[in-house]
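Enquirer:
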Amino acid sequence: MTEILKTLNNIRSLRVLSRELSLSELETILQKVQTVVEEKRMEVQEVERQEQERQARIEKYKELLAQDGITVDELAEILSSKTASIRKKREPRPAKYQYVDTDGKTKTWTGQGRTPRFIQQALDSGKSLSDFEI
Numbered sequence: 003m004t005e006i007l008k009t010l011n012n013i014r015s016l017r018v019l020s021r022e023l024s025l026s027e028l029e030t031i032l033q034k035v036q037t038v039v040e041e042k043r044m045e046v047q048e049v050e051r052q053e054q055e056r057q058a059r060i061e062k063y064k065e066l067l068a069q070d071g072i073t074v075d076e077l078a079e080i081l082s083s084k085t086a087s088i089r090k091k092r093e094p095r096p097a098k099y100q101y102v103d104t105d106g107k108t109k110t111w112t113g114q115g116r117t118p119r120f121i122q123q124a125l126d127s128g129k130s131l132s133d134f135e136i
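In our numbering, each residue carries its 1-based index in the sequence shown increased by 2.
#1: Any heavy atom of the ligand ATP closer than 8 Å to the Cβ of PRO118?
#2: Report the three-state DSSP secondary structure of GLN114 (helix, strand or coil).
#3: Report the start-end ranges of each alpha helix (DSSP H) in the stretch 41-94 that is 4 residues or longer and not cut off at the edges.
#4: Since ILE121 is in the alpha helix (DSSP H), which residue starts that stretch and which ends it?
#5: Go ahead and pull the three-state DSSP assignment for THR108.
#6: Give the DSSP-derived three-state secondary structure of GLU27 in the structure shown.
#7: Applying the criterion that 16 or more other CB atoms from any shown protein chain within 10 Å of the CB defines a buried residue, is ILE72 buried or exposed?
#8: Going by beta carbon distance, what residues of the same chain come within less than 8 Å of THR108, once the five residues before and after it are set aside?
#9: Are THR112 and ARG92 close, meaning C-beta to C-beta below 9 Å?
#10: With a Cβ-Cβ cutoff of 9 Å, do ILE136 and LYS98 count as a contact?
#11: Taking buried to mean at least 16 other C-beta atoms within 10 Å of its own C-beta, is ILE13 buried or exposed?
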């Protein structure tokens, strides 16, 4: 792709290339390039128009804020404080089940997450989960 760009950007390379093409082929290429350039101009104009509309809306909001006596700094402070609100840390869940593991230590389980190995083995051997309730 860069070779094509080098050729298109260099007048001497274009002249060499044009020697191999007929006038009608060159005119066809010219029309296609002009079409692409016009499409690109339209895209750029549309982007500029959207940016101008955006700037006009921003100016309108600035005027409304000034009419209400609110400064931009105050508004920024209000908006940043709402987004930076600190969430409370959730309290840990109380344990629902208690069991003694293979080392003889008493442990608890909230019922959330993966079932402890000792309880799972007991359930597989026929015990009920209610046998471990606190």
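Heads up, the beta-carbon is just placed ideally off N, CA and C, and yes, glycines get one too.
Keep in mind the model is a prediction, meaning the values are calculated, not measured.
Expert: In brief:
#1: With respect to the ligand ATP, the structure offers nothing, as it holds no ligand at all.
#2: Coil.
#3: Entirely contained in the stretch 41-94, the alpha helix (DSSP H) runs reaching 4 residues are, in chain order, 74-85.
#4: Looking at the DSSP string, the run of the alpha helix (DSSP H) that includes ILE121 is 119-126.
#5: Correct three-state label for THR108: strand.
#6: The answer is helix: DSSP assigns GLU27 an H, G or I state.
#7: ILE72 is exposed by the Cβ-count criterion.
#8: Around THR108: GLN100, TYR101 and VAL102.
#9: THR112 is not a Cβ neighbour of ARG92, given a cutoff of 9 Å.
#10: With respect to LYS98, ILE136 sits close: the two C-beta atoms are nearer than 9 Å.
#11: By the C-beta density criterion, ILE13 is exposed, having fewer than 16 other C-beta atoms within 10 angstroms.
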